[in-house]
Structure formats: structure tokens, C-alpha cells
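One structure is given here, and the rest of the page talks about it.
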């Protein structure tokens, strides 16, 4: 590999790969303001010849900066310093430029968390085809209310008020941890006992806790490309270096990345149903990844966000079970199976991580509400959970059928919609050359929420597509929204 | 100031104060294993002459290492590398020694969060005189259950099920934010509207979120000395440099520290009732601190953990109100006023920090349970909260009276117990020369929980004392426990 002839600023990081040195310099220039927001960067060809490096090296540095939000790529016109810039790099950026962030007087506070997308902060309107929204009107709320009363009355009868209302174990209430361990052992093939379960305030909280415990700033974290924005936000908050891992028809493909995979400390995956593509990871790929994790002493976080509802046949067993729970950490959530505002999820952890995770839980909220944990435990133990899942599975399968039918009738060639094996949403592909963000904007003006695939892409370009949720909507709503979506695409293509 | 004649390892940090350079070198030696756990450090006198620096410089470096948990001081025998060591420095430590922390195979995982004390992870038994425990048997649990039912029924009637069960605003439910804004404006003189309130999962979560948003690794955070272990843990998790601020009869005394106060980015205070000493900060001190924060563009976090129950006269208005909510961020919690397992607290934020805090909330749990937020809002709005506070205030005042009487009768000279103006606990001073940890251990073997003051001290030595909680116990329990405590002190002194 050629080295730069005259390193402009001899870097202390000269042992690092060339692209990384270049990346660090460019980032420094952006953070110190030498490169201003909106400014156009030199083309990769010009910079490569100027620095006497391969053009690929420059492109790799640009991609890293793009993934981390420092620069944006405008197709055909080049790379620009991100106009929104400050704070995009999270604490990594803050570390480099304290002077810029210290100014907190006079209201001029820099939002060091502005990498968290609006969609995580404010709810997206619950209109069709909003993704990740379960059916809520059919949730057995009377049963829930009855169990709340029962848990309160029992505590009073058994003089257990202090245990119910007082401080509790950061790891979570034993009743819920046991119920979860039983459930995921059977339903998901997870290797698990109650001792290994840590209750969290949902999957997002689990990701955040795990990355705080497992990584240090600058560590490499692999994310599926495309991926859920919450995973990206958690990695940015932990100031990690993010390596996008392309997804093909078999799932995440670690062999396709240039970074030496042994540098990767944590890899986040959705093997059961990739978000948002919906791919189920193949068994050979699963075996290869487990093997890689063991050889590299890397952690895999398995985000099993949407696996309860598999329409045909038995659920795919978890990656954690395949690994025997050594390097794979399992994350589950009740947000989609029950209801999102419950804010209850869990981690199934290897024994060595239980104490660190309980500690991370202790400082980020101490523990969950004991009352709600016990109500959920009863809901599972008494069979309401299994019954609800069974009912909803049938409902979602039917709703998807309505969606497929309505889209094919109404949109025809303008949307190639896929049949999902499971879950609350599916992919619809737009004609080549469409701009999926533009279609999503147009749809919104017709009262329809669809998520453009490109919103979730890190660096891999994909054909234009829409992620379309059907879980939370009636057949009538789905048909009406398909009609509106057809009108919206008409305005874009017309 | 003299400089070392031959800096043994020329440090890139040579622009930093001398004690800081020394601190960094020693920390490096500890983290790389050159200094082993349990190893005795050179005496400050020897090291000072060897390094050609003032002895005070060495002592300052040792103090910093001690505060951060890298070394321990054994009175009379010198300083030792902490035997429990790994991870004590939080991510600051991890940054320096990646090789040590990367080993995650074979179960040999280093607990990078082991600075979080056991008391935050597992509940302390709810026996007398456990601190921070409110009366729970008299919590109006029927009212709470009734409001739960009412909120569910109303949502169903008004077709608001999706709003109740679906994803919600990371900042918190507007009903609760409004109720809190009204309450703290009136009761605590806080400058506040619902827009400025961010709902958290308790005060600990609020501290964690605030330090993640306001600081970067290495930033200086001031903590009262002594202080609540949760505040220390949050500062360690943020990898901040911790500067202990001594507390005198007027409250935290910023003038007494050697660190230039303009380096301090955040200062955590409990002005209403210092934890655990119980001091209420004087008005001159308050004015000086607000002035300092404005001049230094520093943030003050006001932890108002225990202020609802002021026994005599009107509550002391908040520091936030005095400042007009410019540099002072107010943190409140319902853990002690209502019940700990509710896990509900809040931040009253300057406008500029609302979005960053909502983003930090979004990645650390998205938002609180909407049902519980609305129940709490109704509990406040319908007057149950005010009624409960009024009843509990009378109860706690009486319980403290019983405690003072019982201790004076039973323990006499062996415990000089103070009368607290407010809250759930008070200080009892042991005879000079006692070891408060030893007394606490003895008490535990007699079934009594007391917290030794030295557990909360960072670097200031204080006379031996016990923090004694009376809030959660009946008069009978208090008298019996005082008797047991007397027996326990007898075994120690006898």
C-alpha cells in the first residue's frame, strides 16, 4: 500500500490504516471548522492524486464520514460537509472538539444527541401504513386491568406491599424473569434461565445498555445495512466506529466487508427477520457467524424484535440457541407483541455479563415498575400471552393478504409488494429510478405513512422501496390507504 | 511551580497541571498492570522527592485516584492499588487500556460497570433504620388502582386506545408534564412550564441522562462531599473527572477547592437537604453559586430528592427558581414522596436542553409507561398527591420525634442524634474515634440497617456518623431498633 508522500499533519495515529488516518484528519477539519457546514469536499479522484493514495482509500474515508453523519453525498454532485453538522458524531465528535461544545451560556447549547432521529423522539402518526404498530384495539385491556387489581390485592393480603412498592432488584422482578425464561426457551429455542434475564425498558434501552457495557469509544460495531435507526443511534451514543454489513438473500454477509472482521467488537443482527428487508438468515450463514464470533471473541447481539408472528410453520430458532448463549446475546421486546407504551423488553445474557448489565440498568432507571413487571408475568403465566399471540398471528396473516391484494389491484406495476413470512410489515419495491423518499413525502400528503427504504440504508445503495406496515390497521383502512398510495405515486410519476 | 527534573515518560498531556500529569501516569501504570492490584504505592513524601515536585502535588494526584477508585488509602499505612480494581474508572479507564477489556471470550469478562455499588443494584432490606424508605403501608393503593381503571376506561370510551397503548413522546405525557409543572411552580418555586419538563425513570436516570448530554469524557464534574452514591456512579459512567466539593454548615463550599472552578462543567447539588448531612444551603451560598454558574457558563444540577416533607414552616424555594432556570437544572422524583418502585422522576430543563434530553431519553428507554404517567397525573390533579404529602409530613415528624426520644433514652452519649428539618432520615454522630462502618456491620448482625457516613465521603474526613432512616417504620419498630442499635454499639465499644 502506498503511503502519502507528505503527510500534511503528521498524525499520532500513523499506525492506523491509511483510510482511517485520512478519515481522522477530515473529521478534525470538520470539527474545528476548517471545513464549514455545507462546504463541498474535493472529489475523491483529486484528493487521491493530491495525497498520493489510492482512490479507494479516499472513498473508504468518505464512506465512514458519511455513515457517521459528518458529510453527505449528493448523487452526481459530490460530497458536502453536513449542513446540520454539530454533534452528529456523538461523543466521538465531542471528544475532539471540546471548545465548540463547552459554550453552554446564552442558550447556545449544541445538541450533542442530535443524531437521534425525530422518529425515535416523537411518535409517528398511527395511520396506515405506519410500521412497527401492532393492533391495539384488540389488546385484552380488561384482562390487563383485572391482573393489575389482582397483583395489588394479593400484595396487600400477603403483607407484600413493601416488596411491591419499595425498591427492587435492578435485574428485574423474579416472577417476570422466570416467565420470560420459560417462554423464550420453548418458543424461541433460547438457552436461558431466570438468572440470565435482565429486564429493560424495551429493546432500544437494551441496545443502549449493551453498547455501554460492551464497548469503549472508538470500538468497532457492525450494523446490518440497512438497519433500524435506533441501533444506529445507540452505536453513535456509545461513540463507536460503525461498520455497515451488507445484507443479501441469506442475511448479513460479514465476508463482504473490507474491514478485518477481527476488529469488530460487537455485531448487531436481526436474524429472524431482518429490519426492514424481512430476510431470514440462512443456517449456513448462522453457523458461520457463530463460528466467527467465537474465534474473534466478538459479541453478537440478536435483536429478535418481530419473531412471535411467523405465519407458516414453526418459528426459526434463535441464533442464541445455536450458539448455546456463549457469544450471542438475545434481546426481546413486548412492544410489538403486546403494546409499545408498556416499555418492557429484556436481555438474555451470558453469565459473565449479568452483573455489568444489572449495574448499567441500575444507573439508567434503577429497575422497571414492579407492578407492571408482575402484571406482565401473570399475563404470560396465565396463558393470556400465548392466546393473544395466537389471535394476532391469524389477524396479521389476514391483514397482509388484504394488503397484497389491495396493492396489486390498485398499484399494479407501480409497487412490487413482497409476502412477508412473519411480523407486522413487508417490503414494496418501486420501479427502478424512483425516489422512495419522494414517494413517501407524496404519500404523507395523501394521509398515508410509508417508510422509504433509503432512510434505513447506511452506505449500500438499494433499489427504491417502501416499508409498509399492515399490523395495526383494519381491512377497510388498508384498502383505502392502498388507494391513496396509488394516487400519491401517480403524482410522483405523472 | 517546580517541574519534574526528568519526566520518566514524556506525556502528551504536558500542558496539564502537574498533579494531573502525575495522576495520568499512575493511572496508566495501574491500568497496564505495572502497578498490580493490592500493591502499595510509594509514600507521598518519597514520591515527591523522587519526582522533584511538592508533596501536595502527589497528595492531590493520590486523592484523585482514590476518589476514582483506583487506589485505596489505609489510614496510617499508606496507599494501595485497589484490590477490586478493574473498571473502577468506568469508560475513562477503558479508553486507556483496550487490550485488557477486549478479552471477552472464555467468560473472562471485565465488569466495566463495577463502580456501581451493590446498594444500587439490589435492594437493601426494608428494616429499620434503612434510609430513603418512605411509609408504604399507608400509600392509598386503592385510589391508585381506581385511577388505573379510570384511565383505561376513559381511553376505551374516547377511542384513545392507540394513544394510551401506542408509542408516545420521549419527553413524556403532556398530562403528567403539566401536572408536574403546576406542582413544582407552586410548591418549590421552580420556574417551569410543561414544555420544560422531561419525564424520567427516577432521579438516577435523570442524572445519567444529564451527564451524558452535558459532558464529554474527561470533563470536570463537581460532587458534594459527602454525596449520594448514585450521583458518583453517574459521573463515573460518563467518564468524568470528579472534583469533591466540601460541605460546611452553609452547604457546598466551592471556594474551598483547589481546582479552578471555571474548569467545572457541571456541579451536582442537593441545596434543600444535603445528602446525607441534611444541611440546607444558606441564601448567600445560593446566590454565590448561581452567580458562579453564570460567569463560568457551568451547569448546576439541583437534586431536590427529599424536599416535600419540611416539618416547620414553608419549604425553602428551589435554587432553580432563584436562578430563573438559566443555569440550574432541577431534578425531582416521586420515589420518596409516593413509592420507589414507581420509577418516575423528572427534569425541569432550560429550553436549549429539552431536545437533547428528549433524545437521550429516547435511546435509554424511549419513554415511560403511558398508563402509569397518566395515573400519576390524575393522582396529582385530583388532589390525592397533596393529601398524601400532608398526611405523611405529620407522620414523619412524629416518627422522628419517637426516634430522637428512643435514641436519647437507649443510646445516651453513644449517639448524638440530630433533629432533621425535613425528610425521611437524619444524622446520628458517634463518639470520636469510633469506626462507623464497624458499627453499621454490628448493627446489621442485630437486624438493624444504618448507613455509615464514611460510605458517602469522597475525600473529606468527617467525624464518624450514621445515617438513620425513620420514614418507613412504626413507632414500635423504631423503639425496638433503637434498643438493638444500643446493643450493637455495646459490642463495638465494649
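Residue numbers (this note's numbering), protein chains in the order written: chain A, 10 to 503; chain B, 10 to 503. No residue lacks a Cβ here, since even glycine has one placed at the ideal position from N, Cα and C.
> With DSSP run on the structure shown, which of helix, strand or coil describes residue 94 of chain A?
Replying inline: Here residue 94 of chain A refers to the residue found at position 85 when the first chain is read from its first residue. Caution applies to residue 94 of chain A, whose pLDDT of 49 falls short of 50 and renders its modelled position unreliable; the value that the coordinates give is listed next. Three-state DSSP puts residue 94 of chain A in coil, outside helix and strand.
>> Please report the straight-line C-alpha distance between residue 386 of chain A and residue 156 of chain A, rounded to a whole angstrom.
In response: On the first chain, residue 386 of chain A is found 377 positions in, with the first residue counted as 1. On the first chain, residue 156 of chain A is found 147 positions in, with the first residue counted as 1. Going by the C-alpha atoms only, they are around 10 Å apart.
> Are residue 121 of chain B and residue 365 of chain A touching if we call contact CB-CB under 8 Å?
Replying inline: What you label residue 121 of chain B is simply residue 112 of the second chain in a count that begins at 1. What you label residue 365 of chain A is simply residue 356 of the first chain in a count that begins at 1. Against a cut-off of 8 Å, the Cβ pair of residue 365 of chain A and residue 121 of chain B comes out as a contact.
> If you scan the region 329 to 405 of chain B from start to end, which runs of the beta strand (DSSP E) of 3 or more residues do you find wholly inside it?
Replying inline: As far as the region 329 to 405 of chain B is concerned, its whole beta strand (DSSP E) runs of at least 3 residues are 337 to 342, 354 to 357.
>> Give me the residue from B/288, B/241, B/234 with the minimum Cα distance to residue 259 of chain B.
In response: As a working mapping, residue 259 of chain B is identified with position 250 in the second chain. By alpha-carbon distance to residue 259 of chain B, the top candidate from B/288, B/241, B/234 is B/288.
> Which of helix, strand or coil does DSSP assign to residue 188 of chain A?
Replying inline: The residue labelled residue 188 of chain A in the question sits at position 179 within the first chain. Reduced to three states, the DSSP call for residue 188 of chain A is helix.
> Just the Cα atoms here: how many angstroms apart are residue 411 of chain A and residue 338 of chain A?
Replying inline: Your numbering for residue 411 of chain A matches position 402 in the first chain. Your numbering for residue 338 of chain A matches position 329 in the first chain. When rounded, the distance between both Cα atoms is 36 Å.
> How close, in whole Å, do the beta carbons of residue 215 of chain A and residue 209 of chain A come, if the pair is a contact with beta carbons under 8 Å?
Replying inline: For the purposes of this step, residue 215 of chain A is taken as the residue at position 206 of the first chain. For the purposes of this step, residue 209 of chain A is taken as the residue at position 200 of the first chain. Residue 215 of chain A to residue 209 of chain A, Cβ: 4 Å. Contact.
> What residue ranges within the region 249 to 296 of chain A form continuous beta strand (DSSP E) runs of no fewer than 3 residues, ordered along the chain?
Replying inline: Segments of the beta strand (DSSP E) lying fully in the region 249 to 296 of chain A: 250 to 257, 273 to 278.
> Can you find a CB in chain A that lies within less than 8 Å of the CB of residue 380 of chain B?
Replying inline: Here residue 380 of chain B refers to the residue found at position 371 when the second chain is read from its first residue. With 8 Å as the cut-off, residue 380 of chain B counts as an interface residue toward chain A.
>> I'd like to know whether the C-beta of residue 488 of chain A is nearer than 8 Å to at least one C-beta of chain B.
In response: For this step, residue 488 of chain A is matched to residue 479 along the first chain. Residue-level contact by beta carbon fails for residue 488 of chain A and chain B, as no gap is shorter than 8 Å.
>> Counting C-beta neighbours from all protein chains within 10 Å, is the total for residue 195 of chain B 16 or more, i.e. buried, or is it exposed?
In response: Residue mapping note: residue 195 of chain B aligns to position 186 of the second chain, counting from 1. The residue is exposed, with fewer than 16 neighbouring Cβ atoms inside 10 Å.
>> As an exercise, report each continuous beta strand (DSSP E) stretch of at least 3 residues that is fully enclosed by the region 406 to 481 of chain A, in chain order.
In response: Segments of the beta strand (DSSP E) lying fully in the region 406 to 481 of chain A: 434 to 438, 474 to 478.
>> Within 8 Å, do at least three Cβ pairs link the region 140 to 154 of chain A to the region 311 to 331 of chain B?
In response: In short, these stretches do not touch, since the Cβ pair count stays below three.
> Taking buried to mean at least 16 other C-beta atoms within 10 Å of its own C-beta, is residue 184 of chain B buried or exposed?
Replying inline: Residue mapping note: residue 184 of chain B aligns to position 175 of the second chain, counting from 1. Answer is buried; the Cβ neighbour count reaches 16.
> Which one or two residues does DSSP pair with residue 209 of chain A in a beta bridge?
Replying inline: The residue you call residue 209 of chain A lines up with position 200 of the first chain. DSSP lists A/354 as partners of residue 209 of chain A.
> Helix, strand or coil: how does DSSP classify residue 309 of chain B here?
Replying inline: Residue numbering aside, residue 309 of chain B sits at position 300 when the second chain is read from its first letter. Residue state, collapsed to three classes: strand.
> In chain B, which residues lie with their C-beta within 7 Å of the C-beta of residue 514 of chain A?
Replying inline: There is simply no residue 514 of chain A to check, as chain A begins at 10 and stops at 503 in what is shown.
> Since residue 148 of chain B meets chain A, which of its residues come closer than 8 Å, beta carbon to beta carbon?
Replying inline: One-based indexing of the second chain puts residue 148 of chain B at position 139. Residues of chain A passing the Cβ test: 170, 174.
> residue 28 of chain B and residue 81 of chain B: beta carbons closer than 8 Å?
Replying inline: In the second chain, the residue the question calls residue 28 of chain B occupies position 19. In the second chain, the residue the question calls residue 81 of chain B occupies position 72. Result no, Cβ atoms of residue 28 of chain B and residue 81 of chain B do not sit closer than 8 Å.
>> Measuring CB atoms only, is the region 170 to 177 of chain A touching the region 336 to 356 of chain B, in the sense that at least three cross pairs come out at less than 8 Å?
In response: As far as the Cβ criterion goes, the region 170 to 177 of chain A touches the region 336 to 356 of chain B, which means the pair count is three or higher.
>> By the DSSP assignment, the beta strand (DSSP E) with residue 83 of chain B in it spans what residues?
In response: Residue mapping note: residue 83 of chain B aligns to position 74 of the second chain, counting from 1. 80 to 83 is the span of the beta strand (DSSP E), which, as asked, contains residue 83 of chain B.
> Given that residue 393 of chain B touches chain A, what residues does it touch there, using C-beta distances under 8 Å?
Replying inline: Within the second chain, the letter at position 384 stands for residue 393 of chain B. Ordered by position in chain A, no residue passes the 8 Å Cβ test against residue 393 of chain B, which lies about 15 Å from the chain.
> Which residues in chain B sit within 7 Å of residue 251 of chain A, going by Cβ to Cβ distance?
Replying inline: Stepping through the first chain from its first residue, residue 251 of chain A is reached at position 242. Those do not exist, as residue 251 of chain A stays about 15 Å from chain B at its closest Cβ, beyond 7 Å.
>> For a contact defined as C-beta to C-beta under 8 Å, what are the partners of residue 165 of chain A on chain B?
In response: Start at 1 with the first residue of the first chain, and residue 165 of chain A comes out as number 156. In chain order: 150.
>> Distance check for residue 450 of chain B and residue 501 of chain B, CA to CA, integer angstroms please.
In response: To locate residue 501 of chain B, count along the second chain from 1; it is residue 492. To locate residue 450 of chain B, count along the second chain from 1; it is residue 441. If you take the alpha carbons of residue 501 of chain B and residue 450 of chain B, they lie about 10 Å apart.
>> According to DSSP, simplified to helix, strand and coil, what is residue 171 of chain A?
In response: Counting from 1 along the first chain, the entry for residue 171 of chain A is found at position 162. Correct three-state label for residue 171 of chain A: helix.
>> Residues of chain B with CB closer than 9 Å to the CB of residue 238 of chain A, please, in chain order.
In response: Taking the first residue of the first chain as position 1, residue 238 of chain A is located at position 229. Ordered by position in chain B, no residue passes the 9 Å Cβ test against residue 238 of chain A, which lies about 10 Å from the chain.
> Does the distance from the C-beta atom of residue 255 of chain B to that of residue 265 of chain B stay below 8 Å?
Replying inline: The sequence position of residue 255 of chain B within the second chain is 246, counting from 1. The sequence position of residue 265 of chain B within the second chain is 256, counting from 1. Closer than 8 Å, so yes.
>> Let me see if you follow: with CB-CB separation under 8 Å, is residue 285 of chain B close to chain A or not?
In response: Counted from its first residue, the second chain places residue 285 of chain B at position 276. It does not: the Cβ of residue 285 of chain B has no partner Cβ on chain A nearer than 8 Å.
>> Mapping the DSSP letters down to three states, classify residue 144 of chain B as helix, strand or coil.
In response: Against the second chain, residue 144 of chain B aligns to sequence position 135. Of the three classes helix, strand and coil, the one that applies to residue 144 of chain B here is coil, per DSSP.
> Who pairs with residue 230 of chain B in a beta bridge, going by DSSP?
Replying inline: Here residue 230 of chain B refers to the residue found at position 221 when the second chain is read from its first residue. The bridge partners DSSP lists for residue 230 of chain B are B/251, B/275.
>> Using a Cβ-Cβ distance cut-off of 8 Å, determine whether residue 217 of chain A contacts chain B.
In response: To locate residue 217 of chain A, count along the first chain from 1; it is residue 208. By this cut-off, residue 217 of chain A is an interface position.
> Rounded to a whole number of angstroms, what is the C-alpha to C-alpha distance between residue 434 of chain B and residue 249 of chain B?
Replying inline: Here residue 434 of chain B refers to the residue found at position 425 when the second chain is read from its first residue. Here residue 249 of chain B refers to the residue found at position 240 when the second chain is read from its first residue. A direct Cα-to-Cα measurement between residue 434 of chain B and residue 249 of chain B gives close to 30 Å.
>> With a threshold of 8 Å between beta-carbons, can residue 256 of chain B be considered close to chain A, or not?
In response: Along the second chain, read from residue 1 onward, the residue named residue 256 of chain B stands at position 247. At a cut-off of 8 Å between C-beta atoms, residue 256 of chain B does not count as an interface residue with respect to chain A.
> Starting from residue 198 of chain A and walking both ways along the alpha helix (DSSP H), at which residues does that stretch end?
Replying inline: As a position in the first chain, residue 198 of chain A is number 189, starting the count at 1. Where residue 198 of chain A is concerned, there is no enclosing alpha helix (DSSP H), given that its DSSP letter is neither H nor E.
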